Amino acid sequence: MGSRRLLDDEQGFPSWFSSHDRKLLAAQSRGQLTPNVVVAKDGSGKFTTINDAINSMPKDYSGRYVIYVKAGVYKENVIVGKDKVNVLMYGDGSRKTIVTGSKNYVDGVQTVDTATFAALGQGFIAKSMGFSNTAGPEKHQAVALRVQSDMAAFFNCRMDAYQDTLYVQAHRQFYRNCVVSGTQNIVTAHGRAEAKETTALVIQNCRIVPEKALFPDRLKFRNYLGRPWKAYSRTIVMESTIGDLIQPEGWMPWDGDNFLDTLYYAEYNNRGPGAGTSGRVNWPGYHVIGRAEAQKYTVDSLIQGSQWIKYSNIRYFGGLKF
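The following block contains the structure:
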């Protein structure tokens, strides 16, 4: 499958961002932001590695700790630990500032630890950066970006790998103007463990399309919107463009008939040649939903976007677009 642009809109702001965050990001867009530290491969910054910059953050630091990562390819596995709260990291572009690694499951690393970049500390923000895992398809699980940060946001970023590119592990996460690319399980494992949990993976106002290189051969492969790794998998695709690479049935089982009555997969008001629902799977857990149900899975309803995103300088759409 190709790229997915998550929550791309020209109006509004995600709500959990403070007014200070909004000003910071506006300043960065204008080239007027003064970072706490600068990372540069050529030695022109305070640090040459991203990990060193993160570890320089003073204990109990108050406010946003801003890290500017200059253009370059940074071959390191980065962890923004749980004690690193409210880090804002920005680069020179998703194809210019790239963090890359190659840890993978076949070489004996657990999936959760294969991530090239892991964001755990609350309130992490990344802008204009690329995250890559180059392990290759034969290495199975090899994560580019793993996010366990609550109130995390990614803007104008790119995630590239093969299997398990983006591991949305836990908590509230928001992606806008991002490209997520891979070949299998591209966005994975949001971790809903029981039916009463209100979590979900929502793809709204996105494009599910093949990469340019795949386009001529896109119909030679069977592609699906998703499959249930665990019993309570919940994914909603709404107000998005779905390309013709997606099979008419839309979704595929993981292990026979397991989880087909406990999962929740839904579609609402999608468009494009792969968006038709007449040939979709006939599972107890699959639904074509209406507007009232779809409202439950908007940014403001599901992840309380109006409480933390709207005060940033990042625009978003809190409700249904159409």
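For the sequence shown, my numbering begins at 913 and goes up steadily by one.
C-beta: ideal position from N, C-alpha, C; glycine also.
Quick caveat: nothing in here was measured; it's all calculated off a predicted structure.
Check: Sequence-distant residues of its chain with Cβ nearer than 6 Å to Tyr-1176 (five each side left out); Outcome: Arg-1146, Gly-1197
Check: Run of the beta strand (DSSP E) containing Val-985, from where it starts to where it stops; Outcome: 984 to 987
Check: Euclidean distance between Cα positions of Lys-987 and Gly-1013; Outcome: 6 Å
Check: Neighbourhood of Glu-922 by C-beta, 7 Å cutoff - its chain only, sequence neighbours within 5 removed; Outcome: With a pLDDT of only 39 at Glu-922, under the threshold of 50, the placement of this residue in the model should not be trusted, and no figure is reported.
Check: Cα-Cα separation between Pro-970 and Lys-958, rounded to whole angstroms; Outcome: 15 Å
Check: C-alpha gap between Val-950 and Ile-1215, whole angstroms; Outcome: 32 Å
Check: Residues near Asp-995 by beta carbon distance below 7 Å, same chain, minus five either side; Outcome: Gly-1033
Check: Helix, strand or coil at Asn-1135 [DSSP, three-state]; Outcome: strand
Check: Whether Ser-1040 touches Asn-1068 by CB criterion (8 Å); Outcome: yes
Check: Outcome for Glu-1106 when other beta-carbon atoms lying within 10 angstroms are tallied against a minimum of 16; Outcome: exposed
Check: Beta-carbon separation (whole angstroms), Ala-983 vs Asp-964, contact threshold 8 Å; Outcome: At roughly 18 Å, the Cβ-Cβ gap does not stay under 8 Å, so Ala-983 and Asp-964 are not in contact.
Check: Nearest candidate by alpha-carbon position, reference Ala-1112, set Ala-1073, Lys-953, Phe-1086, Gly-993; Outcome: Phe-1086
Check: Helix, strand or coil at Gln-1207 according to DSSP, with G and I counted as helix; Outcome: helix
Check: Through-space distance from Val-1018 to Leu-1131, alpha-carbon basis; Outcome: 29 Å
Check: Buried/exposed call for Met-1071, threshold 16 Cβ in 10 Å; Outcome: buried
Check: Proximity to Ala-1187 [Cα-Cα], best of Arg-1203, Leu-1157, Val-1092; Outcome: Leu-1157
Check: Selection from Gln-1219, Ala-1178, Tyr-1002, Ala-1143 that minimises the alpha carbon distance to Arg-976; Outcome: Tyr-1002
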